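Quick note on the working numbering: the sequence shown kicks off at 224 and runs consecutively.
All C-beta atoms, glycine included, are put in the ideal place defined by N, C-alpha and C.
In this text the structure is predicted, and so the values were computed from the model without any measurement.
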Amino acid sequence: MANKIPTALVSDFDGTISDDDFFNYVSRRWLGEKALDPWREYTEGKKTHFEALREIFASLRVEQPAFDDFIREIKIDPGFFTVADYCRRRDIPVYVCSAGCDYYIDKLAGKEMADCRVRLVANHGVYSPETGLVMTPPPENSPFYDPNTGISKAAVVAYLQQRGYRVVYCGDGMPDVAAAAIADVVFARKMLLLQCRQLNIPAEELTDFNQVYRFLKGEKQ
Numbered sequence: 224m225a226n227k228i229p230t231a232l233v234s235d236f237d238g239t240i241s242d243d244d245f246f247n248y249v250s251r252r253w254l255g256e257k258a259l260d261p262w263r264e265y266t267e268g269k270k271t272h273f274e275a276l277r278e279i280f281a282s283l284r285v286e287q288p289a290f291d292d293f294i295r296e297i298k299i300d301p302g303f304f305t306v307a308d309y310c311r312r313r314d315i316p317v318y319v320c321s322a323g324c325d326y327y328i329d330k331l332a333g334k335e336m337a338d339c340r341v342r343l344v345a346n347h348g349v350y351s352p353e354t355g356l357v358m359t360p361p362p363e364n365s366p367f368y369d370p371n372t373g374i375s376k377a378a379v380v381a382y383l384q385q386r387g388y389r390v391v392y393c394g395d396g397m398p399d400v401a402a403a404a405i406a407d408v409v410f411a412r413k414m415l416l417l418q419c420r421q422l423n424i425p426a427e428e429l430t431d432f433n434q435v436y437r438f439l440k441g442e443k444q
């Protein structure tokens, strides 16, 4: 009997593991509607995704304890850690890929991700009240570098596929489309789900990560 192809899981963070994009959280709390002008320019093709987020995040001027406390209040899907722990126990690689940055992901879920051996691929972020949240992309020679978003989620999917994995991908937005287009199994919500339907990319609507857990568990039975 042939060996079964091993599975790997790759997931977006903002709006997929968390309820919404981080720039939406901070704009509602501190920045206001005007601060989203860079995002509107991105949607109009005038700025890259990375440039838009960098400008929004750099405009923050909040004392660090208040900012960090705010981050820790953000809701994330508890089912993700059920999935991550299941994958840890069965040696299924898990990658979280974010075109946002590692600063708020580490504050919000860094310990749990480390405990479950989840690998984070994201832009780097450093915060101070004087400079805001300063976002830096990976080096251009990084295998996961992308000039539009900083990191390429599709490159992470391809990296795992080249190593023999069947990749399950979870996402919600435009930066997830290229990854979803080459992934073997796709769970999608919001804009990504609409794009998958328009581009005939097979995808199941993602409601929560308990759904992904049931899928992975069913595969192993």
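Residue i and residue j closer than 8 angstroms at C-beta
i           : j           : result
residue 235 : residue 373 : no
residue 403 : residue 415 : yes
residue 305 : residue 436 : yes
residue 396 : residue 268 : no
residue 380 : residue 342 : no
residue 322 : residue 398 : yes
residue 297 : residue 241 : yes
residue 320 : residue 391 : no
residue 411 : residue 428 : yes
Residue from the options with nearest C-alpha to residue i
i           : options            : result
residue 290 : 411, 434, 363, 356 : 356
residue 359 : 272, 265, 259      : 272
residue 423 : 232, 405, 287, 227 : 405
residue 345 : 383, 354, 327      : 327
residue 250 : 284, 270, 266      : 284
residue 315 : 299, 386, 362      : 386
Segment limits, beta strand (DSSP E) that includes residue i
i           : result
residue 235 : 230-235
residue 310 : Here residue 310 belongs to no beta strand (DSSP E); instead the alpha helix (DSSP H) covers 302-312.
residue 322 : 317-324
Start-to-end residues for the alpha helix (DSSP H) that takes in residue i
i           : result
residue 371 : Where residue 371 is concerned, there is no enclosing alpha helix (DSSP H), given that its DSSP letter is neither H nor E.
residue 343 : Here residue 343 belongs to no alpha helix (DSSP H); instead the beta strand (DSSP E) covers 342-351.
residue 249 : 245-249
residue 409 : No alpha helix (DSSP H) contains residue 409, which is instead part of the beta strand (DSSP E) from 408-411.
residue 189 : Summary: the structure shown does not reach residue 189, with the chain confined to residues 224 through 444, and so no result is reported for it.
residue 276 : 272-281
residue 289 : 287-295
Strand pairing of residue i, partner residues [DSSP]
i           : result
residue 359 : 347
residue 389 : 230
residue 265 : DSSP, once it has assigned bridges, lists no residue as partnering residue 265.
residue 380 : DSSP output for residue 380 lists no bridge partner at all.
residue 394 : 411
residue 428 : 411
residue 299 : 241
CA-to-CA distance, residue j to residue i, given in whole angstroms
i           : j           : result
residue 264 : residue 279 : 12 angstroms
residue 288 : residue 351 : 10 angstroms
residue 230 : residue 438 : 11 angstroms
residue 281 : residue 228 : 44 angstroms
residue 434 : residue 258 : 35 angstroms
residue 440 : residue 353 : 47 angstroms
residue 347 : residue 364 : 16 angstroms
residue 308 : residue 339 : 5 angstroms
residue 270 : residue 370 : 11 angstroms
residue 376 : residue 367 : 7 angstroms
residue 256 : residue 245 : 14 angstroms
residue 302 : residue 430 : 11 angstroms
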